[in-house]
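Under our numbering, the first residue of the sequence shown carries the number -14, and numbering increases by one thereafter.
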Amino acid sequence: MFMFYEEANVVFSGLSAAGNREDNVQSLAESYDIMVRDSRKYKIFFGFAVQNPALLPVGVLHSCPNAFIGRITDPEDKKQVLSLLGFTEVGFQDNEMRRILSDLSVAMMLGRLSYAFERRETQTFLFRPLLLDVPEPTDDDLAKQLGRITL
């Protein structure tokens, strides 16, 4: 099972769709932190799309072995992303990587895929995602291909 959350920082920030603060935020963040760390052994995988990685609970962020990162300018977000990518977030050693995060063009991203047996296959890489010119599948198309789920 794969569960994907777009705007995941909103889920963890405790704001409702209307922008109001929810009361059960801490328990929700704690629950996801535990759930994400233990999910792989149950063959459940999570994907998170966020604009501010620093807003994710640290346990959730660092349980993400694969990462695709676009331009980041906020210092706290850079700190979290550099750590996630295996670079140091303090000192002079990785200043170049900090600059790269700030200067990525709109069509470029950094990626890291951590599940590999060779260390060189887990290194951070620069890539340009391909835009596919294909129609978005309808609900009926998906049901025909994958089966329909009735709740």
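The beta carbon of each residue, even a glycine, is placed where N, CA and C say it ideally should be.
Note down the Cα distance separating residue 114 from residue 96, rounded to an integer number of angstroms. Take the alpha-carbon of residue 114 and the one of residue 96: they are about 10 Å apart.
Assumed close pair residue 18, residue 42 - CB separation to whole angstroms, cut-off 8 Å: Rounded to whole angstroms, the Cβ separation of residue 18 and residue 42 is 5 Å, and the two are in contact under 8 Å.
What do you reckon, are the CB atoms on residue 145 and residue 69 nearer than 8 Å? In this structure the chain extends from -14 to 136, so residue 145 is not present and cannot be described.
How about residue 87 and residue 57: are their beta carbons less than 8 Å apart? Cβ distance < 8 Å, so residue 87 and residue 57 count as in contact.
Can you give me the start and stop residues for the beta strand (DSSP E) that residue 34 sits inside? Per DSSP, residue 34 belongs to the beta strand (DSSP E) from 30 to 34.
Leaving out five residues before and five after residue 31 in sequence, what residues of the same chain have Cβ atoms less than 6 Å from its Cβ? Contacts found: -12, 21.
If we count the other Cβ atoms within 10 Å of its Cβ and call it buried at 16 or more, is residue 117 buried or exposed? Residue 117 should be labelled exposed.
With a 10 Å radius around its C-beta and 16 neighbouring C-beta atoms as the bar for buried, classify residue 48 as buried or exposed. The residue is buried, with at least 16 neighbouring Cβ atoms inside 10 Å.
Rounded to the nearest angstrom, what separates residue -8 and residue 36 at their Cα positions? Between residue -8 and residue 36, the C-alpha separation is close to 7 Å.
DSSP on residue 134, reduced to helix/strand/coil? Shown here, residue 134 sits in coil according to DSSP, grouped into three states, outside any helix or strand.
Distance, residue 59 Cα to residue -3 Cα: If I take the Cα positions, the gap works out to 18 Å.
CA-CA distance, residue 119 and residue 99? Going by the C-alpha atoms only, they are around 29 Å apart.
Rounded to a whole number of angstroms, what is the C-alpha to C-alpha distance between residue 103 and residue 54? Rounded to whole angstroms, residue 103 to residue 54 spans 22 Å at the Cα level.
Residue interval of the alpha helix (DSSP H) (run including residue 85): Where residue 85 is concerned, the enclosing alpha helix (DSSP H) stretches over 80 to 88.
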